[in-house]
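Undergrad: Mind having a look at this structure? Questions to follow.
There are 2 protein chains.
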Amino acid sequence: MGNSVKNLAILGATGSIGRQTLQVIRSLPGRFRIMGLTAGQNLDLLAKQIAEFQPKFIYYQSVNKHHKLTDTGCEFLSLEEIASQPEVDTVVIATSGKAGLLATLAAVRAGKNVAIANKEPLVMAGEIITREAKVSGARILPIDSEHSAVWQCLNGEPQPPARIILTASGGPFRGYSTQELNNVTASQALKHPSWQMGKKVTIDSATLMNKGLEIIEAHWLFNVPIDKISVIIHPQSIIHSMVEFADGSFKAQLSYPDMRLPIQYALTYPERVPNPELPKLEWSKIKTFTFEPPDFTTFPCLKLAIKAAKTGGTGPTVLCAADEVAVELFMKDAIKFTELACLVKQVLQEHKPIPNPTLEDIMQADNWAREYTLKLAGKKI
Amino acid sequence: MGNSVKNLAILGATGSIGRQTLQVIRSLPGRFRIMGLTAGQNLDLLAKQIAEFQPKFIYYQSVNKHHKLTDTGCEFLSLEEIASQPEVDTVVIATSGKAGLLATLAAVRAGKNVAIANKEPLVMAGEIITREAKVSGARILPIDSEHSAVWQCLNGEPQPPARIILTASGGPFRGYSTQELNNVTASQALKHPSWQMGKKVTIDSATLMNKGLEIIEAHWLFNVPIDKISVIIHPQSIIHSMVEFADGSFKAQLSYPDMRLPIQYALTYPERVPNPELPKLEWSKIKTFTFEPPDFTTFPCLKLAIKAAKTGGTGPTVLCAADEVAVELFMKDAIKFTELACLVKQVLQEHKPIPNPTLEDIMQADNWAREYTLKLAGKKI
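Chains H and C, in that order, are what the protein sequence lines are.
The numbers in my numbering rise by one with no breaks, and the one at position 249 of the first sequence is 251.
The numbers in my numbering rise by one with no breaks, and the one at position 323 of the second sequence is 325.
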């Protein structure tokens, strides 16, 4: 198992998950070959990664004269082309927001192992992605820590889960009142108490929208009805999620909050590989785990997501699109923290969801929601 | 899977585990047929169980004129004969102390599914039992809640565990000083804070000897070195044990402390079956899990067990035998609680363990240890 080298493409290699994926690959020499690397804007880092890992295929969004990436000998292809190259075994979707959608679909259609950290593609187009994966035989391997936990707990169980409980740290504003939330800044929201993550997902964690998106992601990944997926706040972030089985027995997965573990598990699955660089739980230092219900009133995004999930169709697409725009506006100080949920709510209210949407329906709903969110906010990005 | 009826023999049907096994069987009608029931002294209850479940084979230790068990039409056989009857698929070893050893061996040699709650057979003769199980193809299915938890966590994992952490409630005397322990009575020791169990195992839980025996049991069941098995006190008794894997990821199994769940899992494995009578974890009521290291100084039995386990050979047999006698003496108020560990320690010190013991070596060591314990205590049972 461990002896055959896996050929990887990493989409979003310069972001938080991309960088941590490359750390894992450095820690486990001889197991992986990097076939493709892609980046958005951070060409400085991409150039270094290309020099180190010598990929065959690259893609980058921005153009910068200072970087002669055209001289690297790498072939410049689109994200979708890289994701479906015959020489690639596993595609790591480490992009952020909507950016990974078409590449995820391309990888799924090409029957790849698709290690997915970027939750928006599944939220926006979960029905299409899971249907296409069944046709092509593609395997979707979750990297998100909660979904990795559920996946690990389901190992070897012959029956589907009776219930999934996603744990949440509660984010940096756990216990705040709505009034207190009115005045929080983007830089406060970006200080997550337990996880090192990208900006979009960190803001989503502060609003609890992230947990709502995870409910939808879990629904598609594990084929569990939305009302059988619940959320519990566990501020220590050591239990990464739990599964209840038909007999009432629960299993949980535990580790220190470090994305490299779920990344590594998706890459080495079903094998588990010692990695001295991963922090090990020290039980002598662990005294208490606490649990509390989420505060749906102060953090309305979680309820919005559950509602959109139950509505289905293009509802979750619109939720995602409005949230992505609203997060960007908040990070630019164009709206307040509490206005973020209001904006998403208004956009959802105005949308008539299309059931069983085609990819075109999804793209149109996405475009409409982005434009409408900006219009409502009276801003431009 | 669920459609074929399993034929069970329950050895120790009138004890705590036996009664709970029959509760599970009542809750899941149509799945099991009771082929054999055995009891020690409680013929009142055995007579009722025979009337209800109509077994083919029975055994009982004591004779009582008031019970015409000879008129039931059941065949009276020895424990070993019942355990190896061709019509029996699964043998539930619900006996206490040494009593189940020979029957466990008989069931293992006959290639049965052996659902084992009684830990002493594995502690005394783990090497022989596991070796014979490999030869016959018998499957040993743990019922002890900790070992069921480990077994559940290992489901579907292709590699052996890197480490096992057994949880312990800490028993009724958690936090007591040695001085306070001097004056505790058997009736205090029999009030376990979280589990309903038989008397022997409840006293063993109060001394932490039970956890020591579980370490040895886990060593044989899961083929994990003794120094890779540790103990953590978790007074809420909801996490029933944890497994660490090669990559540092942990899995835990959780439920309210109720033996019917691990009993049921051993009987329905690999299937999980809804049972409305089992209590379901209510996360809205769970606020805190706490963890603390065991107090090896105040509860010396745990260290004695670990030492005997590392010594190996007939060491664990002598540990078991001395403990069984000492527990009986304590329950009869013949020795103090704190004298129990002293007695076991002295007996172990006097014993020269025989490596790779035969069954005869084990029986001899067991006899010697029982006699020597009584001699040291200056008592008779």
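For glycine and all other residues, C-beta sits at the position ideal for the given N, C-alpha and C.
Mind pulling the chain H residues with CB within less than 9 Å of residue 274 (chain C)?
TA: Counting from 1 along the second sequence, the entry for residue 274 (chain C) is found at position 272. Neighbours of residue 274 (chain C) on chain H, chain order: 159, 160, 161, 164, 247, 248, 249, 250 and 251.
Undergrad: Using the C-alpha atoms, what's the distance from residue 243 (chain C) back to residue 2 (chain C)?
TA: Outside the modelled stretch of chain C, which goes from 3 to 383, sits residue 2 (chain C), for which no answer is possible.
Undergrad: Locate the alpha helix (DSSP H) running through residue 347 (chain H), then write down its first and last residues.
TA: One-based indexing of the first sequence puts residue 347 (chain H) at position 345. Per DSSP, residue 347 (chain H) belongs to the alpha helix (DSSP H) from 339-352.
Undergrad: Please specify which runs of the alpha helix (DSSP H), each continuous and at least 4 residues long, are wholly inside the stretch 76-145 of chain C, giving them in chain order.
TA: List check, alpha helix (DSSP H) in window: 81-85, 103-111 and 122-138.
Undergrad: Distance check for residue 169 (chain H) and residue 236 (chain H), CA to CA, integer angstroms please.
TA: Locating residue 236 (chain H) in the first sequence gives position 234, where the first residue counts as 1. Locating residue 169 (chain H) in the first sequence gives position 167, where the first residue counts as 1. Looking at the two C-alpha atoms, the distance is approximately 6 Å.
Undergrad: Okay, do the stretch 259-276 of chain C and the stretch 148-164 of chain C touch, 3+ Cβ pairs below 8 Å being the bar?
TA: Touching, per the Cβ criterion.
Undergrad: Does residue 291 (chain C) come out as helix, strand or coil in the three-state DSSP assignment?
TA: Indexing the second sequence from 1 puts residue 291 (chain C) at position 289. Residue state, collapsed to three classes: strand.
Undergrad: Count the C-beta pairs between the stretch 267-274 of chain H and the stretch 211-231 of chain H that are closer than 8 Å, then say yes if the count reaches three, no if not.
TA: These segments do not touch.
Undergrad: State the Cα-Cα distance for the pair residue 29 (chain H) and residue 309 (chain C), rounded to the nearest angstrom.
TA: Against the first sequence, residue 29 (chain H) aligns to sequence position 27. Against the second sequence, residue 309 (chain C) aligns to sequence position 307. The straight-line gap from Cα to Cα measures roughly 37 Å.
Undergrad: Could you check whether the Cβ of residue 303 (chain H) sits closer than 8 Å to any Cβ belonging to chain C?
TA: Residue 303 (chain H) sits at position 301 when you count from the first residue of the first sequence. No, residue 303 (chain H) lies away from the interface with chain C (no Cβ there is under 8 Å from its Cβ).
Undergrad: Output the distance between the C-alpha atoms of residue 129 (chain H) and residue 366 (chain H), rounded to the nearest integer angstrom.
TA: Position 127 of the first sequence, counted from the start, is the residue given in the question as residue 129 (chain H). Position 364 of the first sequence, counted from the start, is the residue given in the question as residue 366 (chain H). Distance between the alpha carbons of residue 129 (chain H) and residue 366 (chain H): 16 Å.
Undergrad: Can you tell me the Cα-Cα spacing of residue 210 (chain H) and residue 298 (chain H), whole angstroms?
TA: Within the first sequence, numbered from 1, the residue matching residue 210 (chain H) stands at position 208. Within the first sequence, numbered from 1, the residue matching residue 298 (chain H) stands at position 296. Roughly 9 Å between the two C-alpha positions.
Undergrad: May I ask which residues mark the beginning and end of the alpha helix (DSSP H) holding residue 199 (chain H)?
TA: Position 197 of the first sequence, counted from the first residue, corresponds to residue 199 (chain H). Element bounds for residue 199 (chain H): n/a, residue is neither H nor E.
Undergrad: Could you list the residues in the stretch 283-294 of chain H with a C-beta less than 9 Å from some C-beta on chain C, going in chain order?
TA: For the stretch 283-294 of chain H, which is checked against every Cβ of chain C, the residues closer than 9 Å are 283, 285, 286, 288, 289, 290, 291, 292, 293 and 294.
Undergrad: Does chain H have any CB closer than 8 Å to the CB of residue 4 (chain C)?
TA: Counted from its first residue, the second sequence places residue 4 (chain C) at position 2. Any answer about residue 4 (chain C) is weak, because its pLDDT of 44 lies below 50 and its placement is not dependable; what the coordinates show is given next. No, no contact with chain H.
Undergrad: Spatial neighbours of residue 3 (chain C) within its chain, please: CB distance less than 7 Å, with the 5 preceding and 5 following residues excluded, ordered by chain position.
TA: Mapped onto the second sequence, residue 3 (chain C) falls at position 1. At residue 3 (chain C), the pLDDT of 43 sits below 50, so the modelled position is not reliable; the number obtained from the coordinates is stated separately. Around residue 3 (chain C): 273.
Undergrad: Given this structure, state the Cα-to-Cα distance separating residue 185 (chain C) from residue 192 (chain H), to the nearest angstrom.
TA: Along the second sequence, one-based indexing puts residue 185 (chain C) at 183. Along the first sequence, one-based indexing puts residue 192 (chain H) at 190. C-alpha separation (whole angstroms): 57 Å.
Undergrad: So which of C:294, C:118, C:198 and C:279 has the shortest CA-CA distance to residue 232 (chain C)?
TA: Numbered from its first residue, the second sequence carries residue 232 (chain C) at position 230. It is C:294 whose Cα lies nearest to the Cα of residue 232 (chain C).
Undergrad: If you draw a straight line from the C-alpha of residue 158 (chain C) to the C-alpha of residue 39 (chain H), how long is it?
TA: The residue given as residue 158 (chain C) occupies position 156 in the second sequence. The residue given as residue 39 (chain H) occupies position 37 in the first sequence. Rounded to the nearest angstrom, the two C-alpha atoms are 33 Å apart.
Undergrad: Report yes or no: is there a C-beta of chain H within less than 8 Å of the C-beta of residue 257 (chain C)?
TA: One-based indexing of the second sequence puts residue 257 (chain C) at position 255. Chain H contact via Cβ: present.
Undergrad: Can you give the Cα-Cα distance for residue 95 (chain H) and residue 12 (chain H), rounded to whole angstroms?
TA: The count along the first sequence starts at 1 and reaches residue 95 (chain H) at position 93. The count along the first sequence starts at 1 and reaches residue 12 (chain H) at position 10. Approximately 6 Å between the Cα atoms of the pair.
Undergrad: Answer yes or no: does any C-beta atom of chain H fall closer than 8 Å to that of residue 429 (chain C)?
TA: Because chain C here runs from 3 to 383, residue 429 (chain C) falls outside it and cannot be looked at.
Undergrad: Please tell me whether residue 115 (chain C) has its Cβ less than 8 Å away from any Cβ of chain H.
TA: Mapped onto the second sequence, residue 115 (chain C) falls at position 113. It does not: the Cβ of residue 115 (chain C) has no partner Cβ on chain H nearer than 8 Å.
Undergrad: Quick one: measure Cβ to Cβ for residue 121 (chain C) and residue 146 (chain C), integer angstroms, because I've assumed they're closer than 8 Å.
TA: Position 119 of the second sequence, counting from 1, holds the residue named residue 121 (chain C). Position 144 of the second sequence, counting from 1, holds the residue named residue 146 (chain C). Going by Cβ atoms, the distance from residue 121 (chain C) to residue 146 (chain C) rounds to 6 Å, so yes, they are a contact pair.
Undergrad: State the DSSP-derived secondary structure class of residue 190 (chain H), mapped to helix, strand or coil.
TA: Along the first sequence, one-based indexing puts residue 190 (chain H) at 188. Residue 190 (chain H) falls in the helix class under three-state DSSP.
Undergrad: Which of the three DSSP states is assigned to residue 35 (chain H) in this structure?
TA: Counted from its first residue, the first sequence places residue 35 (chain H) at position 33. In this structure, residue 35 (chain H) counts as strand in the three-state DSSP scheme.
Undergrad: Could you please tell me which residues of the stretch 216-233 of chain H, in chain order, have their CB closer than 7 Å to any CB of chain C?
TA: Residues passing the 7 Å Cβ filter: none.
Undergrad: Do three or more CB pairs link the stretch 131-142 of chain C to the stretch 332-348 of chain C at distances below 8 Å?
TA: With the cut-off at 8 Å, the stretch 131-142 of chain C and the stretch 332-348 of chain C do not touch.
Undergrad: Flag residue 277 (chain H) as yes if its beta-carbon sits less than 8 Å from any beta-carbon of chain C, otherwise no.
TA: The residue labelled residue 277 (chain H) in the question sits at position 275 within the first sequence. Cβ-Cβ to chain C under 8 Å: yes for residue 277 (chain H).
Undergrad: I need the boundaries of the alpha helix (DSSP H) containing residue 218 (chain H), first residue and last residue.
TA: Numbered from its first residue, the first sequence carries residue 218 (chain H) at position 216. 211-224 is the extent of the alpha helix (DSSP H) around residue 218 (chain H).
Undergrad: Sort C:369, C:334 and C:108 by Cα distance to residue 381 (chain C) and report the nearest one.
TA: What you label residue 381 (chain C) is simply residue 379 of the second sequence in a count that begins at 1. Residue C:334 is the option with its Cα nearest to residue 381 (chain C).
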